[in-house]
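Residue numbers (numbering that gives the first Met the number 0): 0 to 74. Beta carbons: idealized from backbone N, C-alpha and C, even for Gly. What follows is one structure encoded as structure tokens, with my remarks underneath.
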Amino acid sequence: MQEMLTSLSTYGYVIVFLYSLGGGMVAIIAAGVLAHLGKMDITVSIVLAAAANAIGDTLLFYVSRYNRAAVMPYL
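Laid out in structure tokens, this is it:
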């Protein structure tokens, strides 16, 4: 458990960004727990999660809009 908290506190912001890029909200809950423990800053985590979510939604929109034929078999 301690190893997981150490790795999350080391790479926590990167993990929050990448996980939120796909629209996941579990990472922000983990960031909240780590912020309560004093390992992360909750403000930075929320801003990163919001930015990653907006970027991910925009990327998915443009991929589906301009490559509809390539995306449709996966839906």
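Sequence-distant partners of residue 63 (beyond 5 residues in either direction) whose C-beta falls short of 8 Å from its own C-beta, in its chain, are 70. In this structure, residue 39 sits away from residue 61, with a CB-CB distance that is not shorter than 9 Å.
Non-local beta-carbon contacts of residue 15 in its own chain, meaning distances under 6 Å to residues more than five positions away in sequence, involve 26, 30, 44, 47, 48 in chain order. Under the three-state reduction of DSSP, residue 52 is assigned to helix. Counting only the Cα atoms, residue 5 lies some 31 Å from residue 58.
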